[in-house]
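Asker: Can you read through this structure? Questions will come right after.
Chains as they are written, first to last, in the numbering used here: chain L, 1497 to 1607; chain V, 29 to 142.
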């Protein structure tokens, strides 16, 4: 299995609070991705990174920011969480056009 | 824009039945096509892929053929097992992006009973 961990695995937070999710890889892959998974929508890309300090927006980036200061870490931040951001968040990694490997997911509930 | 359409689930089958999960896509040119599987409580795993027209991807008894003329990539298995119960996602990666920028379908849940 690819070495990808996500933390925390579960989080409950209140509307308006900031939240940061962490993705950590041990594979030294160049590309990292954040997705959200919602019923009826499959997985949708939030942001991705193509190198340290190099990031770009995905399909559903509003309300989210990311940072990548080291190859192995990709952080997703919700500056002010809303109930619409209740979801399961997945991190993935890849090396170019090769297979994407997914982490175990973080279940976030915003009350 | 690019999109993937999958049949809605759940698909409920008895063990050893034949499985088909339909997937069609809309994209420019020749995207790469994928099937991912998600077991309960886990992340997604690549099941199979095809990168050009008429390619057949296969893995663990599952197969899918890249049909450019019908823009389809249907997943099939001749004899399902209880352990195949999972959610299956069809996805595409547009051509010429230099990396995998996946577009997913909504997923199809498969339930296999003994």
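By construction, the Cβ of each residue, glycine as well, lies at the ideal position given by its N, Cα and C atoms.
None of these values were measured; they are calculated from a predicted model.
If we ignore side chains and look at the alpha-carbon of each, how far apart do residue 1506/L and residue 1582/L end up?
Answerer: Numbered from its first residue, the first chain carries residue 1506/L at position 10. Numbered from its first residue, the first chain carries residue 1582/L at position 86. One C-alpha to the other measures close to 11 Å.
Asker: Between the segment 1515–1531 of chain L and chain V, which residues of the former have CB atoms less than 7 Å from a CB of the latter, in chain order?
Answerer: 1527
Asker: Mind reading off the beta-carbon distance from residue 116/V to residue 32/V? Whole number of angstroms is fine, and I expect it under 8 Å.
Answerer: For this step, residue 116/V is matched to residue 88 along the second chain. For this step, residue 32/V is matched to residue 4 along the second chain. That belief does not hold up - the Cβ atoms of residue 116/V and residue 32/V are roughly 12 Å apart, past 8 Å.
Asker: Starting from residue 1516/L and walking both ways along the beta strand (DSSP E), at which residues does that stretch end?
Answerer: For the purposes of this step, residue 1516/L is identified with residue 20 of the first chain, where counting begins at 1. That run of the beta strand (DSSP E) goes 1515–1521.
Asker: Inspect the CB distances between the segment 1566–1586 of chain L and the segment 82–95 of chain V and report whether three or more fall short of 8 Å.
Answerer: By the Cβ rule, the segment 1566–1586 of chain L does not count as touching the segment 82–95 of chain V, because fewer than three pairs are nearer than 8 Å.
Asker: Just tell me which of 139/V, 133/V, 111/V has its CA closest to the CA of residue 61/V.
Answerer: Position 33 of the second chain holds residue 61/V. Closest option to residue 61/V, Cα to Cα, is 133/V.
Asker: On the DSSP bridge list, what partners appear for residue 62/V?
Answerer: For the purposes of this step, residue 62/V is taken as residue 34 along the second chain, with counting starting at 1. The partner list for residue 62/V (beta bridge, DSSP) reads 77/V, 119/V.
Asker: Could you tell me the boundaries of the beta strand (DSSP E) in which residue 136/V lies?
Answerer: Within the second chain, residue 136/V is the residue found at index 108, counting from 1. Per DSSP, residue 136/V belongs to the beta strand (DSSP E) from 136–141.
Asker: Given residue 144/V, which residues of its chain have a CB within under 7 Å of its CB, disregarding the five upstream and five downstream residues?
Answerer: Given a span of 29 to 142 for chain V in the structure shown, any question on residue 144/V remains unanswerable.
Asker: How would you list, in chain order, the residues of chain V whose beta-carbon sits under 7 Å from the beta-carbon of residue 1596/L?
Answerer: Walking along the first chain from the start, residue 1596/L turns up at place 100. Neighbours of residue 1596/L on chain V, chain order: 128, 130.
Asker: By the 10 Å Cβ neighbour count, where 16 or more other Cβ atoms means buried, how is residue 112/V classified, buried or exposed?
Answerer: Taking the first residue of the second chain as 1, we reach residue 112/V at position 84. Looking at its Cβ environment, which holds 16 or more other Cβ atoms inside 10 Å, residue 112/V is buried.
Asker: Near residue 1574/L, what residues of its chain come up, given a Cβ to Cβ distance below 7 Å and the 5 sequence neighbours on each side ignored?
Answerer: The residue labelled residue 1574/L in the question sits at position 78 within the first chain. Excluding sequence neighbours, residue 1574/L sits near 1514, 1515, 1559, 1560, 1581.
Asker: Assess contact between the segment 1562–1571 of chain L and the segment 1520–1530 of chain L, defined as three or more Cβ pairs (one per stretch) separated by less than 8 Å. Is contact present?
Answerer: yes
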